[in-house]
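Student:
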Amino acid sequence: MTDWHVAHLGGIAQRGPGLMMIEATAVQPEGRITPQDVGLWKDSHIAPMKRVIEFVHSQGQKIGVQIAHAGRKASTIPPWMSGAVVASEQAGGWPENVKGPSDIPFADSFPKVKAMTKADIEEFKNAWVAACKRAIAAGADFVEIHNAHGYLLSSFLSPASNNRTDEYGGSFENRIRLPLEIAQLTRDAVGPDVPVFLRVSASDWLEEVLPEKSFNVNETVKFAQALVAQGAVDLIDISSGGVHAAQKVKSGPGFQVPFAVAVKKAVGDKMLVSAVGAITNGKQANQLLEEEGIDVALVGRGFQKDPGLAWTFAQHLDTEISMANQIRWGFTRRGGTPYIDPSVYKPSIFD
């Protein structure tokens with residue numbers, strides 16, 4: 411992690427989001443999405459991450475780490491460098507060493523994929539455990555298993571990307587085997603008191619084009635129930651898509667919420683459920699909690715536009731939040747209210 415992360419995450423932390431998450435953090439160098447990704451595959455990565463986490467804690471906020479492996483979507487170019495997809499060796503990539511459950515690339519423009527051997531899977535498991543322990547050593551308040559968007563664990567779940575014939579492929583029970591193993595390994599690595607989240611793509615959005623090869627909300631519900639029975643995960647984070655280039659995503663305000671509602675109805679109070687995606691204002695987020703029964707509303711892109719998004723949402727709801735004294739002081743030192751005139755706010759963060 412770099413000064414950029416201190417500035418980016420630190421600026422958000424000062425404005426009182428309550429809970430934050432460090433981006434997809436690779437457990438192996440070949441598990442990065444791009445050569446510029448954050449990682450925790452060696453001990454020297456702990457101190458830079460700890461620097462960021464300690465600053466966030468100094469602002470009275472909690473922060474976790476999303477533990478990840480990019481799988482067949484690895485060795486790509488970061489968006490600020492070029493319009494190309496594949497990161498060549500000259501660009502710091504490893505296009506000849508991209509691995510997934512099967513030799514099925516995400517798209518023709520992506521790197522070719524090697525099917526993981528049993529030895530590869532065991533090496534991945536060991537690296538995952540070590541990365542989780544490093545996250546805790548850096549001071550993380552929780553960890554999230556990135557099991558979504560077509561990255562490694564997600565691609566094991568979906569028959570669109572997994573055609574293995576061993577115990578990790580074929581039947582639903584076999585396709586969820588590695589994610590369940592990772593969930594238990596994560597719990598064992600972080601201990602009983604650290605919250606463990608798991609993000610999942612609840613739909614491949616392939617029902618219209620590849621219905622027979624699709625991980626869908628019905629299988630997501632069964633997967634969530636298996637996680638409840640296992641008892642290693644505290645919160646399931648419901649997202650969608652990213653598994654296949656032919657996906658037909660039906661986006662719109664809160665477009666992934668129905669998936670989260672379906673999962674919540676199935677697991678009840680046995681597991682927390684979060685919704686994410688196009689949650690653009692405070693009233694909408696609050697409705698998810700009070701009317702839809704969702705436990706947590708997560709927002710990502712909105713904070714890119716408005717680092718004080720939690721404050722903006724509070725304004726939508728005419729309520730107060732905690733924030734850094736040095737920021738609140740600027741609005742209250744003369745006896746005024748900490749709120750800015752509501753007319754400066756748009757009804758949605760995307761307006």
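Read in order, the letters of the sequence shown correspond to residues 411 to 761 in this note's numbering.
Note that beta-carbon positions come from the ideal geometry of N, C-alpha and C, so glycine has one too.
Remember, predicted model here, so these are calculated numbers, not experimental data.
State yes or no: is the C-beta of D644 nearer than 8 Å to some heavy atom of the ligand MG?
Tutor: Ligands in the displayed structure: none, and consequently the ligand MG is not present.
Student: So I473 packs on I463, CB below 8 Å; how close in whole Å?
Tutor: Working through the sequence shown from its first residue, we reach residue 473 at position 63. Working through the sequence shown from its first residue, we reach residue 463 at position 53. Contact holds; Cβ gap of about 6 Å.
Student: Please return the same chain residues whose Cβ sits closer than 6 Å to the Cβ of V706, not counting the five positions on each side in sequence.
Tutor: The residue labelled residue 706 in the question sits at position 296 within the sequence shown. The answer, listed in chain order, is S684.
Student: Is DSSP giving H418 helix, strand or coil here?
Tutor: To locate residue 418, count along the sequence shown from 1; it is residue 8. If DSSP states are grouped into helix, strand and coil, H418 belongs with the helices.
Student: Tell me which same chain residues have a C-beta within less than 8 Å of the C-beta of M681, skipping the five on either side of it?
Tutor: Within the sequence shown, the letter at position 271 stands for residue 681. Hits under 8 Å: A634, L637, V638, V643, D644, L645 and I646.
Student: Within 10 angstroms of the Cβ of S492, are there 16 or more other Cβ atoms? Answer buried if so, exposed if not.
Tutor: Indexing the sequence shown from 1 puts residue 492 at position 82. S492 should be labelled exposed.
Student: Are S571 and G560 touching if we call contact CB-CB under 9 Å?
Tutor: In the sequence shown, the residue the question calls residue 571 occupies position 161. In the sequence shown, the residue the question calls residue 560 occupies position 150. Yes, these two residues count as a Cβ contact at 9 Å.
Student: Quick one: give me the first and last residue of the beta strand (DSSP E) that T690 is part of.
Tutor: Looking up residue 690 in the sequence shown gives position 280. Segment: none, T690 is in no beta strand (DSSP E) and carries neither H nor E.
Student: So, is S568 buried or exposed, given that buried needs 16 or more other C-beta atoms within 10 angstroms?
Tutor: Here residue 568 refers to the residue found at position 158 when the sequence shown is read from its first residue. When all chains shown are included, S568 counts as buried.
Student: What does the alpha-carbon distance come out to for the pair A688 and V709?
Tutor: Counted from its first residue, the sequence shown places residue 688 at position 278. Counted from its first residue, the sequence shown places residue 709 at position 299. Roughly 8 Å between the two C-alpha positions.
Student: Would you list the residues sitting across from G651 in a DSSP beta bridge?
Tutor: On the sequence shown, position 241 is the one that residue 651 refers to. DSSP lists no partner for G651.
Student: Please go through the same chain and pick out, in chain order, the residues whose beta-carbon is closer than 7 Å to the beta-carbon of F760, but skip the five residues on each side of it.
Tutor: Residue 760 sits at position 350 when you count from the first residue of the sequence shown. Residue placement at F760 is poorly supported in this model, since its pLDDT is 48, which falls under 50; the coordinates still yield a value, given next. These residues qualify, in order along the chain: T690.
Student: Give me the Cα-Cα distance between N557 and S485, rounded to the nearest whole angstrom.
Tutor: Indexing the sequence shown from 1 puts residue 557 at position 147. Indexing the sequence shown from 1 puts residue 485 at position 75. Distance between the alpha carbons of N557 and S485: 18 Å.
Student: Quick one: grab the DSSP three-state call for E629.
Tutor: Counting from 1 along the sequence shown, the entry for residue 629 is found at position 219. The answer is helix: DSSP assigns E629 an H, G or I state.
Student: Do the stretch 430-446 and the stretch 500-511 make contact, defined as three or more Cβ pairs closer than 8 Å?
Tutor: Judged by Cβ distances under 8 Å, the stretch 430-446 makes contact with the stretch 500-511, as three or more pairs qualify.
Student: Three or more C-beta pairs under 8 Å: does that hold for the stretch 661-677 against the stretch 575-592?
Tutor: Result no; under three Cβ-Cβ pairs closer than 8 Å.
Student: Rounded to whole angstroms, what's the CA-CA distance from P752 to I737? Just pull it up for me.
Tutor: Within the sequence shown, numbered from 1, the residue matching residue 752 stands at position 342. Within the sequence shown, numbered from 1, the residue matching residue 737 stands at position 327. With a pLDDT of only 49 at P752, under 50, the local geometry of the prediction cannot be trusted, and the value read off the model is given with reservation. Going by the C-alpha atoms only, they are around 18 Å apart.
Student: Can you tell me the Cα-Cα spacing of I456 and Q438, whole angstroms?
Tutor: Counting from 1 along the sequence shown, the entry for residue 456 is found at position 46. Counting from 1 along the sequence shown, the entry for residue 438 is found at position 28. Straight-line Cα distance between these residues: approximately 14 Å.
Student: Can you give me the Cβ contacts of I487 inside the same chain, cut-off strictly under 6 Å, excluding the 5 residues immediately before and after it?
Tutor: Along the sequence shown, read from residue 1 onward, the residue named residue 487 stands at position 77. These residues qualify, in order along the chain: A494 and A497.
Student: For the stretch 593-618, which segments carrying the beta strand (DSSP E) assignment without a break, of at least 3 residues, lie completely within its bounds, in sequence order?
Tutor: List check, beta strand (DSSP E) in window: 606-611.
Student: Relative to the C-alpha of A656, which candidate in V475, P515, I648 and R711 has its C-alpha closest?
Tutor: Here residue 656 refers to the residue found at position 246 of the sequence shown. Nearest of V475, P515, I648 and R711 to A656, Cα basis: P515.
Student: Check the C-beta distance from A599 over to V539 and give it rounded, since I have them as a contact under 8 Å.
Tutor: For the purposes of this step, residue 599 is taken as residue 189 along the sequence shown, with counting starting at 1. For the purposes of this step, residue 539 is taken as residue 129 along the sequence shown, with counting starting at 1. A599 to V539, Cβ: 5 Å. Contact.
Student: Looking at V475: is its Cβ nearer than 9 Å to the Cβ of A545?
Tutor: Looking up residue 475 in the sequence shown gives position 65. Looking up residue 545 in the sequence shown gives position 135. Yes. Within cutoff.
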